[in-house]
Each structure stands twice: as C-alpha cells, then as structure tokens.
Amino acid sequence: MNCRSGCGACCIVPSISSSLPGMPNGKPAGQRCLHLGADFRCALFNDPRRPTVCAEFRAEDAICGSSAEQAFEILTVLEISTQ
Ligand code: SF4
Ligand code: SF4
Numbered sequence: 055m056n057c058r059s060g061c062g063a064c065c066i067v068p069s070i071s072s073s074l075p076g077m078p079n080g081k082p083a084g085q086r087c088l089h090l091g092a093d094f095r096c097a098l099f100n101d102p103r104r105p106t107v108c109a110e111f112r113a114e115d116a117i118c119g120s121s122a123e124q125a126f127e128i129l130t131v132l133e134i135s136t137q
C-alpha cells in the first residue's frame, strides 16, 4: 500500500532508538518526531541523517490499517508489546 497522506502515526507512536538531529537520544514513544512537518511529511526525507529504521519502514495494511486512527491503535499495541 502507499502511505496515507495526513497520517503520521509511525512518526509519533513508536520509539526510535537511534539519534536524530535535535533528538540525540532518539525519539520517545508517543512523542511527535521533530522532523514530522505540519503537513505530516518527513522533513528529513532523502537526508542521510534520516534514521535507517525510518528509511526502511514501508506502509503496509497490517500496520497502517484503513485510517489514521487505526494506525495509531495498531502501532500503540505493537509498541507496548515490544517494550
Ligand atoms: S502509519 Fe502508515 S499510513 Fe500512517 S504515516 Fe506511517 S506509513 Fe503512512
Ligand atoms: S525522521 Fe522522518 S520518518 Fe523518521 S520519525 Fe521523524 S518524521 Fe518520521
């Protein structure tokens, strides 16, 4: 599937352990990434500083669901189950 515009769940819900510009200790779970723009696009797209985990992530039905609300719910369950 293609990433749904205006969602941003995967840039908010999960924690990211690798450092990002402005977030040297990574991104805590549930905190909006500093690089997620108001338009829900990644400001580091195609930037070598973008974490590998972000570059490798692909939208898929099992994670993204059929709405932003579902993506938040699914990712929250996954995040809790991997803590
Ligand atoms: S959770 Fe899926 S649909 Fe939502 S922004 Fe991330 S990749 Fe796109
Ligand atoms: S760096 Fe970009 S893709 Fe990664 S969490 Fe931040 S906004 Fe999302």
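Here the sequence shown is numbered in the working numbering, starting from 55 and rising by one per residue. Backbone N, C-alpha and C fix where the C-beta goes; we use that ideal spot for every residue, glycine too. A quick note: this is a predicted structure, and the numbers were derived from the prediction, not measured.
Item	Value
Span separating the alpha-carbon of A97 from that of R103	11 Å
Residues near ligand 1, criterion Cβ-heavy atom distance below 7 Å	C57, R58, C61, G62, A63, C64, C65, F94, F111, A113, I117, C118, A122, A125 and L129
Nearest candidate by alpha-carbon position, reference V107, set K81, N56, S120 and Q85	K81
L74: CB within 7 Å of a non-hydrogen atom of ligand 2	yes
Ligand 2 heavy atom lying under 7 Å from the CB of P102	no
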